[in-house]
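Here's the structure we're looking at; comments come further down.
Residue numbers (the working numbering): 451 to 684.
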């Protein structure tokens with residue numbers, strides 16, 4: 451059952467600055483001004499996606515949301531011939547079936563040309579969840595600044611890699627720092643800093659992004675694509 455809910459912006463990707471959360475990312479040879487934002491509702495296992503036209507002319511797309519269990523596609527929802535006016539946003543969503551068997555699942559979201567004619571953008575792991583297994587730790591961002599973040603663990607102790615990244619207005623990664631094999635105890639909050647940033651005003655606004663992975667980059671736990679956006683004083 452598809453349920454409409456308020457969209458909460460947690461991730462953004464654009465072909466003007468293509469970024470893939472995990473796995474394999476594919477993009478068209480000729481970029482289109484399509485930005486895909488997405489959020490995951492853990493309560494009913496729904497992926498919400500927003501397609502924004504950042505150009506000056508209308509574009510026509512096919513929206514595609516797919517559900518995978520350990521690499522095998524088990525569900526899909528797409529809508530073809532969607533016209534998006536300049537600056538406009540179209541919303542799409544897919545809810546995972548309530549009777550899924552035990553296992554690890556992930557949602558992928560993509561934008562194509564009409565009739566699957568051309569791949570515009572593919573986000574391989576927009577959200578991940580587990581069915582039928584004991585609940586593990588839940589990691590959440592409880593505070594942040596322009597280049598620092600505070601992470602809290604609830605439910606259980608967490609062993610995690612915390613990845614901090616900074617991107618300029620052209621989508622180029624200008625800084626990265628990660629902390630591998632971090633232990634965050636249940637109920638504990640830890641703060642991580644990207645470090646001193648020597649940034650040029652000509653390349654702003656900058657976007658601060660945070661990812662949490664299994665130790666050694668062995669699987670995405672969560673990705674926060676726009677923790678903070680800021681400009682440098684001219």
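All C-beta atoms, glycine included, are put in the ideal place defined by N, C-alpha and C.
Computed from a predicted structure; not experimentally measured.
Enclosing beta strand (DSSP E) for residue i [first to last residue]
i, result
"residue 588", "588–594"
"residue 675", "670–680"
"residue 502", "496–503"
"residue 579", "569–581"
"residue 600", "598–604"
"residue 487", "484–491"
"residue 629", "623–634"
"residue 391", "There is simply no residue 391 to check, as the chain begins at 451 and stops at 684 in what is shown."
"residue 639", "639–643"
Burial state of residue i (16 or more Cβ within 10 Å)
i, result
"residue 685", "The question about residue 685 has no answer, for the chain in this structure spans 451 to 684."
"residue 668", "exposed"
"residue 613", "buried"
"residue 556", "buried"
"residue 630", "exposed"
"residue 664", "exposed"
"residue 487", "buried"
"residue 496", "buried"
"residue 657", "buried"
"residue 513", "buried"
"residue 682", "exposed"
"residue 465", "Model confidence at residue 465 stands at a pLDDT of 37, short of 50, so the residue's coordinates are unreliable and nothing is read from them."
"residue 494", "exposed"
"residue 648", "exposed"
"residue 492", "exposed"
"residue 537", "exposed"
"residue 531", "exposed"
"residue 507", "exposed"
"residue 535", "exposed"
"residue 661", "buried"
DSSP three-state assignment for residue i, whether helix, strand or coil
i, result
"residue 665", "helix"
"residue 474", "Bear in mind that the predicted position of residue 474 carries a pLDDT of just 31, short of 50, making it too unreliable to give a figure here."
**Report entry** Within the stretch 513–541, ranges of the beta strand (DSSP E) (whole runs, at least 3 residues)
**Finding:** 522–534
**Report entry** 3-residue-minimum beta strand (DSSP E) runs that sit fully inside the stretch 542–567, ordered along the chain
**Finding:** Restricted to the stretch 542–567, the beta strand (DSSP E) segments that are unbroken, complete and at least 3 residues in length are 553–562, listed in chain order.
Report task. Spell out a yes or no on whether the stretch 551–568 and the stretch 593–605 are touching, meaning 3 or more CB-CB pairs, one atom from each, closer than 8 Å. Result -> Taking a cut-off of 8 Å on C-beta distances, the stretch 551–568 does not touch the stretch 593–605, as fewer than three cross pairs fall below it.
Requested in this report: Kindly confirm or deny that the stretch 538–548 and the stretch 566–573 touch, where touching means at least three C-beta pairs closer than 8 Å.
Outcome: no
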